[in-house]
Amino acid sequence: MRPYPPHAARELPGADLKTLVVSDASEATAAVAAEIAALIDAPRPRGESATLGLATGDTPLGVYAELVRRSREGLDLTCVTTFNLDEYVGLAGDHPSSFAAFMRRNLFEPAGIDDARAHIPKGNLAEADLEDHCAEYERAIAAAGGIDLQLLGLGRNGHIAFNEPGTDFDSRTHVQLLTDGTRTANARGFSSCEAVPTRAVTMGLGTIREARRVRLLAFGSHKAAVVERLLRGPVETAFPASCLRDHPDAILWIDEAAGERMR
Ligand code: F6R
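Residue numbers (this note's numbering): 523 to 785.
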């Protein structure tokens, strides 16, 4: 197993959110996958499974590829319980651009994680049922004993999950209106920017902050400005990711490119 954290990771001095810098994103994704594997293998008091909070987007793909590779070498992922951060309102789980389809493709099917253990908010409910569904999602997380480790990517406007600027730090799972910038950034997989849904069901910032460990990943120079604001800017609802600055066990993993403004 790779050492965790990898020897090549350098900790940024003076950051109140622990920040580990690696030269290449693959070192960070391998280290986070190794941490998840150790969590899955760790003995638990009553034989419960590890509960993971999962993200979609480009950033976690390397973590999922490494977990799939490890599952082929014997890591048993069939016993984990997972909760995804978000889903677009209006898309059924079998829509190819849904986050449910993304997860099945990149992790659940190749790693043998059964649908019954893999929770993703439903986006294709009747309008009147969405609010109850959000409350039910919260209850399901609580019933699973809470989230052991939450994986996160970082939006360019500081969103985590689909909590856009202005979201309350104590918010729970809710329906969120997406900004134009977020819809444009997520247009891959859709025929056009206009085809990206305008709303999503998302875990709230309060939900995310309750995860026992949070691992936030940001790679590439297009994330350098948002990383700088996260580490040097104020803690404010205008910048949702800043709610993690006082989390007791959060780590930001970045590559040199995402950390280029922090030198
Ligand atoms: C994904 C999610 C988003 C992404 C963020 C970064 O489930 O909730 O917050 O993590 O938009 O996306 P990428 O990784 O594509 O840069």
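Each residue gets a CB set at the ideal place from its N, CA and C atoms; glycine is no exception.
Review point. Excluding sequence positions up to five away, which residues of its chain have a Cβ less than 6 Å from the Cβ of LEU576?
Key: THR604, ASN606, LEU673
Check your understanding: Taking the beta strand (DSSP E) that THR729 falls in, what are its first and last residues?
Key -> Run containing THR729: none in the beta strand (DSSP E); it sits in the alpha helix (DSSP H), 727-731.
Check your understanding: In chain order, what residues have a CB nearer than 5 Å to some heavy atom of the ligand F6R?
Key -> ALA577, THR578, GLY579, ASP580, THR581, LEU607, ASP608, GLY675, GLY677, ALA683
Check your understanding: Within 10 angstroms of its Cβ, does ASP771 collect 16 or more other Cβ (buried), or is it exposed?
Key -> exposed
Practice item. For the alpha helix (DSSP H) holding VAL585, just list the boundary residues, first then last. Key: 583-594
Exercise for review: Inspect the beta-carbon positions of VAL749 and ARG783 and report whether they are closer than 9 Å.
Suggested key: yes
Point to revise | Buried versus exposed, by CB contacts within 10 Å (16 or more), LEU774 | key: buried
Check your understanding: Skipping 5 residues on each side, what residues in its chain have a beta carbon closer than 6 Å to that of CYS601?
Key -> SER571
Check your understanding: Residue ranges of each beta strand (DSSP E) run of no fewer than 3 residues wholly in the region 648-685, ordered along the chain?
Key -> 671-675
Practice item. Look up GLY703 in the DSSP assignment and say whether it is helix, strand or coil. Key: helix
Exercise for review: Look at the alpha carbon of ARG532 and the alpha carbon of LEU738, and state the distance between them as a whole number of angstroms.
Suggested key: 16 Å
**Study point:** Cβ-based neighbour list, SER713, same chain, cut-off 7 Å, excluding 5 preceding and 5 following
**Key:** none
Check your understanding: Over what stretch of residues does the alpha helix (DSSP H) that includes ARG747 continue unbroken?
Key -> Contrary to the premise, residue 747 reads as Ala rather than Arg in this sequence. Residues 746-754.
Check your understanding: What is the DSSP secondary structure of GLU778, reduced to helix, strand or coil?
Key -> coil
Exercise for review: Just mark LEU599 as buried or exposed, buried being the case when its beta carbon has 16 or more other beta carbons within 10 Å.
Suggested key: buried
**Study point:** Paired residues, beta bridge with GLU609 - DSSP
**Key:** VAL723
Point to revise | Local conformation of MET523 per DSSP, three classes | key: The pLDDT assigned to MET523 is 48, lower than 50, so where the model puts this residue is not dependable, and the model offers no usable value.
Review point. With a CB to CB cut of under 6 Å and the five nearest residues on each side skipped, what residues in its chain are close to ASP608?
Key: ALA683, PHE684, ALA722, THR724
**Study point:** Reduced DSSP secondary structure (H/G/I, E/B, other) of ILE757
**Key:** According to the sequence as given, residue 757 is Val; it is not Ile. VAL757 falls in the coil class under three-state DSSP.
Review point. At which residues does the beta strand (DSSP E) containing ALA560 begin and terminate?
Key: From DSSP, ALA560 is part of no beta strand (DSSP E) but of the alpha helix (DSSP H) over 547-563.
Review point. Using the rule of at least 16 other Cβ atoms within 10 Å of the residue's Cβ for burial, across every protein chain shown, is ALA780 buried or exposed?
Key: buried
Review point. Measuring CA to CA, which of ALA553, LEU671, LEU752, GLY688 is closest to ARG731?
Key: LEU671
Review point. Among THR695, LEU589, ILE669, SER693, which has the Cα closest to the Cα of MET625?
Key: LEU589
**Study point:** In DSSP terms, what VAL697 is bridged to
**Key:** VAL723
Check your understanding: Taking three-plus beta-carbon pairs below 8 Å as touching, is the region 654-662 in contact with the region 611-625?
Key -> no
Practice item. Go ahead and label ALA640 buried or exposed: buried means 16 or more other beta carbons lie within 10 angstroms of its beta carbon, across all protein chains shown. Key: buried
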